[in-house]
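Numbering (full-length UniProt numbering), first residue to last: 1 to 98.
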């Protein structure tokens, strides 16, 4: 076998090795793209859940604020009733003394 044939075989070996490496790279690229797609899906799912959580939290805060205002209003009515009752008691005691 002459030098030309031996170089030709070496080149063929390099070519096959290069093709094998290219296939490995392509396979790895496909694997990475698949994982990237999965991550994108997971991020979208997370963002959707986050939005639902934020909406629910906003809803709960609004309900709490509304109930707190209602409670404050009821406390004011109660305090007014207590003052009125106190006045009526004093008035009754004054009438009772006379």
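Here a beta-carbon is modelled for each residue, glycine too, at the ideal position from N, C-alpha and C.
- A straight-line Cα-Cα distance of about 10 Å links residue 7 and residue 14.
- Bounds of the alpha helix (DSSP H) holding residue 64 are 3 to 97.
- Distance from the CA atom of residue 2 to the CA atom of residue 10, rounded to whole angstroms, is 13 Å.
- Going by C-alpha positions, residue 41 is about 22 Å away from residue 26.
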